[in-house]
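For reference, the structure is listed below as structure tokens.
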């Protein structure tokens, strides 16, 4: 029988200095990534031969496309206050199912259906365990990541699945429309749809609300559980789309397909300025974050630097980005 | 002999004076209870003594020496220990581990638990109870956990133990046992106790002296060794004040004759929830304000939470306009036209990290969409209208709510609820923590709501507010309704008696 | 009847272990021999050692997914040292030193930098694995013949393989630390309620940093032992080990939210998981069920423990 006693706050007055802080944070969060992006871009074009080359730029775009699509799901999840470590396993499952289907002569349309359903299904499992059973997101997605990888290994028995002789299938990852690679078009379309949706729909608003204050959202009548489940389903969906593109480009499904990709997704999201704690962030920022990662990767490649340097760099970047964000937040 | 003496203690928060020149003293081996309404300053005074807050002005003397208590650890060094309502025990540790947390015995690097286990056993024994010191705290019942906290205080050689609402979670038997222990401790060990409590009946049993606080000042101290316990006198001391004339329900309005066969806008029948409220029945009609008065722990907020299904009741019916409402979720409640302004506006009332625009429309987005997209123009129009109607002082709809003053934040919460076009509004402490000017504005808004035909239920801990703003009043005590009044026919004392659990007027 | 139920509830893990042993000994003649038991102990020794580190981290309310990467780093460091003919003492000293640095940085990032543990340790894992590949260019480093490694990897003392003895030794030390020192008590307390600990004056951040240092040291020691078993330093060693350790610790009774977990429980968890894998192998079930098993173990244990709280 305990009522909540209000905090001793006496009277309150508004903050006159609120204006400056709001502006600064707004700029930092929304455009903070732009400066490093431009700097790196310019820097690389000076240092690296072959960077500013039509073909190379198209290449970069193609490479970015797949990570940025997958990161859409992670963005939604992180803004809602959660985390998804199972993305890689979802993508692996989709890759395996797709290639097996195609190899046994299956119809491309149904392949897509299978792919999307797989992503959605795992997403639903994640969502229900997190929302209805209230198990912390990182535990649930850790478990689905492990179990999912196990299923992949079971099906592939450790072997690669390759040699799919289907040109239409390869189009996803390797095709062009005009001079634009198909994956890039998919990326633009998918981003456009989701950005529109996130920014303008009820659902998008609910995600921000829940990420900021779940209890208040509940009191306001928002169906918190439903929204959370949907968010993880989206993560599964975008993972599936990205996976189809990648597996088509590689024409190969490996047992360790996309293992660890969740790390890149989180990095792309965080680099873009989204707080790891949720409640704020924009898809366009994730796109820029993914772009930065893609450019760095490409630059390293051209300079003949091993991609493992990229791994090392990414790890540091992630930590430093979060620390910087935290420092800025406490400064206020 | 005086063990503690505080004089001239003054404390303000954000410019609002919470304690004003308070004198308080404590004798050795006495139980001194501090009573007062919510917000009278009892908790603040105690927290200052316990080192949780620092005073702005005043002196504190312990056994004659001036002391400075700036942190809880400093208070502990001076022998003062405070036990909060939310017990500070680590649930997965054992009793003895909790008692000596941070003060473990070690022999060359290793824990020498034998010593502290024995000390713990001794302390428990001294308290006269049987708790296995090896059991984990989370497996104990609440009354036992409280004992562990007392043992913890004793283990720091506390001479002064402050307890906030010590009996609020205990059953009658447990209360008896608790009092026996306290009596033992004070007579045999000379420990002095300061209790904050509302339960006057129990308090009179155990207290040696009672100090009444009101609006941050000491009204008086009664020595029960010299005077007989006079409940009425204490209640008068707690509430006796003139009601300032800035409330809006004029007597003519609140004297409206009760409509004979009118259907109530909302009716609660037989609401029950174990450990929260029992047999709650009331009606509220359009065009009236029903006030719910009660002290902390009386179950008012729980009742409101049950009405909107935030925390559903175990049993009972809810009727809207005479018909059973079948509310299974908060969304149902909103759709049925029930608006809710919760007590904690920053945590539950609104989302402070989002702007006014988003907050205003938060509950009505379903109606603001076309093909799932929010009609931004309409949304903005609604927000602007809210700002205008409620006179929210802001730079614009895109200002984040967290940068608004408390009063304006509350207006945003009100706007959010009003936008669903409710027939019934539930307000839980709508003017708590708001400065006087903003309060007036909120009352204006509430009055306007009623004029437009809404039914309003207002939970409040401020008696002047209840008496000045409502048409009818329900008093609650420990989950039951103990009094029903017409506001024009009742006094502060009457209500307070009911809030304390005394006479149940039907 | 009631006492039987109580007994089962209290000793579920132990009973499950006996059950498994029973089942496997029925299916396989060689199971219930000393030789096989020792074999199993050898097989689980690396996981067993590293799980101790994971245990402390989880009790304190955190998580550490960098343990596998750090173990791999340790195998490389060991191989490198041995190839330079360094003295065993120097080797071990250096391992502990490097472990300390890694643990320290992770701990500080988590406590002062306020970067969530999952992300900090995930980032460390990525950095270390990347760095290892860079340094080794993907190749393993073979051990030069070394007395130390031979003794540890293949030697026996008092009838038991040295590795197993090392594991037992570390288990005893960990038990002492968790149950007999202030530090251990505080780790449990912090996992239970950090804020109360701060109020009591306990240096929460410092203890957390030491917890991650401990985990790091266990990872490095485990990696050292792994090197002696494989007789090689591998940049890809111990992939996925972090998850196996988490599964073992959680199975052993630890609560991922913190505050619960025991050394003995972890040992049982490691053994049971090891047995399951071993037994499944012997029954010719495909190895990959391991992963599915681990995932299910984590989920299942969490569900059970969440009911308890």
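Chains as they are written, first to last, in the numbering used here: chain E, 2 to 333; chain D, 1189 to 1694; chain G, 80 to 388. We put the CB at the ideal spot given by N, CA and C, even for glycine. This structure is a prediction, so every number in the text was calculated from the model and none was measured.
Comparing C-alpha positions only, which one of G/85, G/353, G/337 and G/343 sits nearest to residue 137 of chain E? It is G/337.
Where does the unbroken beta strand (DSSP E) through residue 1337 of chain D begin, and where does it stop? Where residue 1337 of chain D is concerned, there is no enclosing beta strand (DSSP E), although the alpha helix (DSSP H) it sits in stretches over 1330 to 1343.
Verify the CB distance criterion: does residue 1224 of chain D have a CB-CB separation below 8 Å to chain E? Closer than 8 Å: no.
Beta-carbon proximity of residue 221 of chain G to residue 156 of chain G, cut-off 8 Å: In this structure, residue 221 of chain G sits away from residue 156 of chain G, with a CB-CB distance that is not shorter than 8 Å.
Classify residue 1361 of chain D as helix, strand or coil using the three-state DSSP reduction. Three-state DSSP puts residue 1361 of chain D in a helix.
Residue 1568 of chain D versus chain E: which residues are under 8 Å apart at the beta carbon? Per Cβ cutoff of 8 Å: no residues; residue 1568 of chain D is ~13 Å from chain E at best.
Which whole-angstrom value describes the C-beta separation of residue 182 of chain G and residue 291 of chain G, a residue pair presumed to lie in contact below a C-beta threshold of 8 Å? 5 Å between Cβ atoms; contact.
Once DSSP output is grouped into helix, strand and coil, what is the label at residue 97 of chain G? Assignment of residue 97 of chain G by DSSP, reduced to helix, strand and coil, places it in the helix class.
Which partner residues of residue 203 of chain E appear in the DSSP bridge assignment? Bridge partners of residue 203 of chain E: none, in fact.
8 Å Cβ shell around residue 1359 of chain D - same chain, five flanking residues per side excluded: Here the set comprises 1331.
For residue 178 of chain G, which three-state DSSP category applies? The answer is helix: DSSP assigns residue 178 of chain G an H, G or I state.
Have a look at the DSSP bridge pairing and note the partners of residue 141 of chain E. Residue 141 of chain E pairs with nothing; no bridge assigned.
Find out if the Cβ-Cβ distance for the pair residue 312 of chain E, residue 206 of chain G is shorter than 8 Å. If you check the CB distance, residue 312 of chain E and residue 206 of chain G come in under 8 Å.
Using the C-alpha atoms, what's the distance from residue 130 of chain G back to residue 101 of chain G? So the two alpha carbons sit approximately 26 Å from each other.
Between residue 248 of chain G and residue 261 of chain E, what straight-line distance do the alpha-carbon atoms span, to the nearest angstrom? The alpha-carbon atoms of residue 248 of chain G and residue 261 of chain E are separated by roughly 34 Å.
Would you report the Cα separation of residue 194 of chain G and residue 147 of chain E, rounded to the nearest angstrom? Approximately 24 Å, taken between the alpha carbons.
Look at the Cβ atom of residue 1627 of chain D, then the Cβ atom of residue 1619 of chain D, and state whether they are nearer than 8 Å. Contact annotation: residue 1627 of chain D and residue 1619 of chain D have beta-carbon atoms nearer than 8 Å.
Output needed for residue 322 of chain E: all residues of its chain with C-beta closer than 7 Å, excluding positions within five of it in sequence on either side, in chain order. These residues qualify, in order along the chain: 271 and 272.
Could you tell me whether any Cβ in chain G is nearer than 8 Å to the Cβ of residue 63 of chain E? Against chain G, the CB of residue 63 of chain E has no partner CB under 8 Å away; the residue lies outside that interface.
Is the beta carbon of residue 100 of chain E sitting closer than 8 Å to the one on residue 254 of chain E? Against a cut-off of 8 Å, the Cβ pair of residue 254 of chain E and residue 100 of chain E comes out as a contact.
Using 10 angstroms around the beta-carbon of residue 270 of chain G, count the other beta-carbons present and answer buried if the total reaches 16, otherwise exposed. Result: buried.
Chain E contact for residue 1561 of chain D (CB, 8 Å cutoff): Answer yes: the Cβ-Cβ gap between residue 1561 of chain D and chain E drops below 8 Å somewhere.
8 Å is my cut-off, CB to CB: does residue 1278 of chain D come that close to chain G? Chain G places a beta carbon closer than 8 Å to that of residue 1278 of chain D, counting this residue as a contact.
Inter-residue Cα distance where the pair is residue 1439 of chain D and residue 1270 of chain D: Any reading at residue 1439 of chain D needs caution, since the residue's pLDDT is 48, under 50, leaving its predicted position unreliable; the model's value is listed next. Cα to Cα, the separation comes out at about 45 Å.
What is the DSSP secondary structure of residue 1347 of chain D, counted as helix, strand or coil? Of the three classes helix, strand and coil, the one that applies to residue 1347 of chain D here is coil, per DSSP.
From the DSSP output, read off the bridge partner residues of residue 1220 of chain D. BP columns for residue 1220 of chain D point to D/1382 and D/1397.
Would you mind telling me which residues of chain D sit closer than 8 Å to residue 275 of chain G, beta carbon to beta carbon, in chain order? Around residue 275 of chain G, the beta-carbon contacts reaching into chain D at under 8 Å are 1276, 1277, 1278 and 1289.
Decide if residue 1442 of chain D is buried, meaning its Cβ has at least 16 other Cβ atoms within 10 Å, or exposed. Because the pLDDT of residue 1442 of chain D is 49, which lies under 50, any placement of that residue in the model is unreliable, and the number read from its coordinates should be weighed accordingly. Classification of residue 1442 of chain D: buried, given that the 10 Å Cβ count is 16 or more.
Report the option in D/1456, D/1457, D/1219 and D/1608 whose CA atom is closest to the CA atom of residue 1708 of chain D. Outside the displayed span of chain D (1189 to 1694) sits residue 1708 of chain D, for which this structure offers no information.
Could you check what DSSP says for residue 92 of chain G in three-state terms: helix, strand or coil? Note: residue 92 of chain G maps to helix in three-state DSSP.
Of the residues G/124, G/281, G/110 and G/321, the one placed nearest residue 136 of chain G, counting alpha carbons only: Distance from the Cα of residue 136 of chain G is smallest, within the candidate group G/124, G/281, G/110 and G/321, for G/321.
Give the DSSP-derived three-state secondary structure of residue 1322 of chain D in the structure shown. If DSSP states are grouped into helix, strand and coil, residue 1322 of chain D belongs with coil.
Quick check: the Cα distance between residue 1516 of chain D and residue 174 of chain E, rounded to an integer number of angstroms? A straight-line Cα-Cα distance of about 49 Å links residue 1516 of chain D and residue 174 of chain E.
So residue 1539 of chain D packs on residue 314 of chain E, CB below 8 Å; how close in whole Å? Contact check for residue 1539 of chain D and residue 314 of chain E: beta-carbon distance about 37 Å, past the 8 Å limit, so the pair fails to qualify.
When you compare the CB of residue 284 of chain G with every CB in chain D, is at least one pair closer than 8 Å? Output row for residue 284 of chain G: interface = no.
For a minimum of 4 consecutive residues, which ranges assigned as the alpha helix (DSSP H) are wholly contained in the region 99 to 168 of chain G? As far as the region 99 to 168 of chain G is concerned, its whole alpha helix (DSSP H) runs of at least 4 residues are 113 to 138 and 146 to 162.
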